[in-house]
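First up is the structure itself, then whatever we jot down about it.
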Amino acid sequence: MVTSRITGVLALQGGYARHIDVLRKLGAEAREVRTRQDLADCDSLIIPGGESTVFTKFLTNADGTPNDLHSDLRSFALTRPVMGTCAGLILLSENCGDNRVAPLGVLPVTVARNGWGRQTESFIEKLDLNPEAGFKKNTAPFEAVFIRAPRILSIGPEVRILASVSGRNGAAEPVMVAWKNILGLTFHPELAVDDARIHEWFLSGF
Ligand code: GLN
């Protein structure tokens with residue numbers, strides 16, 4: 001059997017199109033994922049930004065219980081490379097403190113939706129990508145776009161911090177974390193202009 005190398009992008013709603021563009025520019029085979037069958041063909045997956053409450057509508061039954069696609073996404077994320085950005089990170093989290101969202105609960109982090117408050121709902125911040133994670137040393141910072149971004153409030157013991165910003169009281173706050181095969185970002189890497197380092201790194205198996 002030939003093993004395919006297909007990267008899926010969850011395309012129920014939100015910012016999936018830009019992720020597909022970036023992946024294709026990098027020469028990867030990218031596929032929009034809307035059904036369990038679409039997901040079954042993929043080797044890795046990106047869950048894009050959007051609205052986690054709206055994603056939840058597509059991932060739950062009428063009585064609010066998780067549906068089959070939710071359970072397939074959960075199983076997928078337990079074994080294969082997955083990158084969640086912004087609302088995608090909220091969906092991967094163990095806890096987002098909001099009962100209108102049904103997270104997959106696969107990444108040991110607690111997040112707060114819209115955690116930066118109203119005045120600063122959106123901002124751009126230059127990030128130093130941690131060379132210990134495999135990024136090249138002494139390279140230009142990554143211009144990270146935060147749009148109504150979540151904040152990471154706590155992380156499990158084995159979660160690696162790959163990039164941080166300085167938070168309200170000056171303390172460093174993680175904005176990009178990895179654990180096993182899962183990568184979580186509070187920002188939108190697909191909106192960085194001519195800088196696909198994070199997607200490249202994800203495709204290389206990080
Ligand atoms: N605020 C959104 C949510 O709670 C996330 C925003 C985004 O993905 N850019 O789901």
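The opening residue of the sequence shown carries number 1 in my numbering; numbering runs sequentially from there.
C-beta atoms are modelled at their ideal positions from N, C-alpha and C, and glycine is treated no differently.
{"query": "Check each residue's C-beta against every heavy atom of ligand 1 and list, in chain order, those closer than 6 Å.", "result": "GLY49, GLY50, GLU51, SER52, CYS86, ALA87, ILE90, ARG113, ASN114, ILE147, ARG148"}
{"query": "Could you check which residue in LEU162, LYS57, GLY84 has the C-alpha nearest to that of PRO131?", "result": "LEU162"}
{"query": "Spatial neighbours of ALA196 within its chain, please: C-beta separation below 7 Å, excluding the five flanking residues on both sides.", "result": "VAL22, LYS25, LEU26"}
{"query": "Give me the DSSP bridge partner(s) of GLY8.", "result": "ARG31, LEU45"}
{"query": "Could you give the C-beta distance for LEU69 and LEU59, rounded to a whole number, given that I count them as a contact under 8 Å?", "result": "6 Å"}
{"query": "Hey, how far is the Cα of THR139 from the Cα of ASP128?", "result": "8 Å"}
{"query": "Express the C-alpha separation of PHE123 and ILE147 in angstroms, rounding to a whole number.", "result": "7 Å"}
{"query": "Exposed or buried, which one is VAL2 when buried takes at least 16 other CB atoms within 10 Å?", "result": "Low per-residue confidence applies at VAL2: pLDDT is 44, beneath 50, and the placement is therefore not dependable, though the value from the model is reported in the following sentence. Label assigned to VAL2: exposed."}
{"query": "Buried or exposed for THR35, please, with buried defined as at least 16 other CB atoms from any protein chain shown within 10 angstroms of its CB.", "result": "exposed"}
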